[in-house]
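Just so we're aligned: 47 in my numbering is position 1 of the sequence shown, and the numbers increase by one with no gaps anywhere.
Everything below concerns the one structure shown next.
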Amino acid sequence: MKILVTGGTGKVGAQVVKELQHRKADIRMLVRKEGPMPEGVEVAIGDLLDPVSVQKALHGVDKLYLLNAVVPDELTQGLIAYDLARNLKLKHIVYHSVFRVDHFKDVPHFAAKLAIENALREFDVPFTIVRPNYFSQNDATLKDALTKAGIYPMPLGPVGISAVDIRDIAEAAAIALTSDGHFGKTYNLNGPDVLSGPKMASIWSRLLGKEIRYSGDDMDVFEEQMRKRAPSWSAFDIRMMFQGYLDRGFVAEAGDIETLTQLLGHPPRRYEDFAAETAVVWQERAVAV
Ligand SMILES: NC(=O)c1ccc[n+]([C@@H]2O[C@H](COP(=O)([O-])OP(=O)(O)OC[C@H]3O[C@@H](n4cnc5c(N)ncnc54)[C@H](OP(=O)(O)O)[C@@H]3O)[C@@H](O)[C@H]2O)c1
């Protein structure tokens with residue numbers, strides 16, 4: 047039973063490969079460039095925008111883990127892989143989507159995922175969809191904002207989100223790929239705590255031993271800041287996503303945590319534990335410099 051993994055050099059995909067290795071799965075990764083790869087994993091060089099390379103990568107595999115990066119042509123990349131997998135009559139596709147995708151039709155990277163989910167549901171390849179909340183690990187990039195500027199800068203608002211740890215996303219995907227009973231299922235992947243902007247600031251204040259201020263929900267300011275470190279189309283897309291969090295909510299739905307706990311065989315990891323691990327790493331690095 048061979049599984050093709052896309053996005054395997056990225057944050058979630060690399061964890062999915064680890065979890066599949068842990069379960070002794072036969073893995074092939076679709077990667078854009080040669081480079082050091084996990085031991086025992088077969089590699090197919092290709093690009094999700096190049097159907098010829100994707101077809102070659104899919105040849106001889108039974109299952110596909112499909113993760114697309116947030117790019118302007120995400121829908122095209124996703125459908126190329128899906129259509130080819132369908133032509134080749136793969137036995138199962140696990141698709142990495144996003145939480146509440148059907149409530150965020152105005153957010154470009156959500157709309158792409160909703161269209162790909164619709165294709166999965168329309169045709170006859172057995173599929174499982176995983177829909178993760180905001181990744182806890184996104185906040186590993188906030189070191190300077192937190193430790194130097196003393197602000198928590200993500201506009202999560204007064205209600206907040208249920209951030210999920212990418213190790214739980216990877217475990218859920220690997221379980222769906224390697225065990226029975228997941229065809230046609232859609233799993234919402236959420237962490238156990240509701241995390242508002244002020245709550246995040248209080249968690250980091252405690253961990254860093256100094257006052258961290260929540261920077262607030264001014265989306266114009268947020269988008270302008272985002273444009274300094276991302277292309278403007280991406281800053282706009284992310285702004286729309288956070289606006290959607292504020293307007294429509296991004297908190298786990300009834301039964302989500304119980305379903306995920308049952309799927310994983312343990313409760314989902316807490317944001318506060320990820321944040322504590324991260325604060326220790328930052329402190330150790332500061333001592334080593
Ligand atoms: N961040 C969040 O809070 C969140 C929450 C829910 C869902 N999501 C979804 O999660 C996904 C991102 O996951 P991630 O953070 O693990 O991604 P990531 O770290 O940005 O990695 C993206 C992966 O996609 C590969 N890739 C990009 N363009 C490609 C192409 N044209 N052909 C083949 N491979 C390509 C990259 O390969 P290279 O190494 O060659 O660049 C890399 O392996 C997105 O779909 C996002 O919407 C994110």
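Don't be surprised by glycine CBs; every beta carbon is placed ideally from N, CA and C.
Original post:
CA-CA distance, G53 and L112?
Top reply: If you number the sequence shown from 1, residue 53 lands on position 7. If you number the sequence shown from 1, residue 112 lands on position 66. Answer to the nearest angstrom: the Cα atoms are 8 Å apart.
Subject >> Which residues DSSP lists as bridging R272, in chain order >> reply: For this step, residue 272 is matched to residue 226 along the sequence shown. According to the sequence displayed, residue 272 carries Met and not Arg. According to DSSP, which records beta bridges pairwise, M272 is partnered with nothing at all.
**OP:** Report the residue from P204, K109, R177 whose alpha carbon sits nearest the alpha carbon of N236.
**Re:** Along the sequence shown, read from residue 1 onward, the residue named residue 236 stands at position 190. Considering only alpha carbons, the answer is R177.
Subject >> Same chain, Cβ closer than 7 Å to L309, five either side skipped, listed in chain order >> reply: Your numbering for residue 309 matches position 263 in the sequence shown. Cβ neighbours of L309 within its own chain (closer than 7 Å, five residues either side excluded): A218, I221, Y233.
Original post:
Who pairs with D345 in a beta bridge, going by DSSP?
Top reply: With the chain covering 47 to 335 only, the question about residue 345 has no answer from this structure.
**OP:** Compute the minimum distance between the beta carbon of R78 and the heavy atoms of ligand 1, and state whether it is under 7 Å.
**Re:** What you label residue 78 is simply residue 32 of the sequence shown in a count that begins at 1. Yes; taking the cut-off as 7 Å, the Cβ of R78 has a heavy atom of ligand 1 nearer than that.
**OP:** Would you please state the rounded distance, in angstroms, between the beta carbons of I162 and Y180? I believe it to be under 8 Å.
**Re:** On the sequence shown, position 116 is the one that residue 162 refers to. On the sequence shown, position 134 is the one that residue 180 refers to. The Cβ separation is near 20 Å, so there is no contact.
Original post:
Helix, strand or coil for I258 per DSSP?
Top reply: Here the question's residue 258 lines up with position 212 in the sequence shown. Three-state result, I258: coil.
Original post:
Excluding five sequence neighbours on each side, which residues of the same chain lie with their C-beta closer than 8 Å to the C-beta of D119?
Top reply: For the purposes of this step, residue 119 is taken as residue 73 along the sequence shown, with counting starting at 1. Excluding sequence neighbours, D119 sits near L95.
**OP:** Taking all protein chains shown into account, decide if A352 is buried (16 or more other Cβ within 10 angstroms of its Cβ) or exposed.
**Re:** Outside the modelled stretch of the chain, which goes from 47 to 335, sits residue 352, for which no answer is possible.
**OP:** State yes or no: is the C-beta of Y180 nearer than 7 Å to some heavy atom of ligand 1?
**Re:** Walking along the sequence shown from the start, residue 180 turns up at place 134. Under cutoff, so the answer is yes.
**OP:** Indicate, with yes or no, if ligand 1 has a heavy atom lying under 7 Å from the CB of A115.
**Re:** Position 69 of the sequence shown holds residue 115. True, at least one ligand heavy atom lies under 7 Å from that Cβ.
Subject >> R331: first and last residue of the uninterrupted alpha helix (DSSP H) it sits in >> reply: Numbered from its first residue, the sequence shown carries residue 331 at position 285. Unbroken alpha helix (DSSP H) run through R331: 317 to 334.
Original post:
Cβ of H142 versus every heavy atom of ligand 3: is any distance shorter than 7 Å?
Top reply: No copy of ligand 3 appears in this structure; the ligands present are ligand 1.
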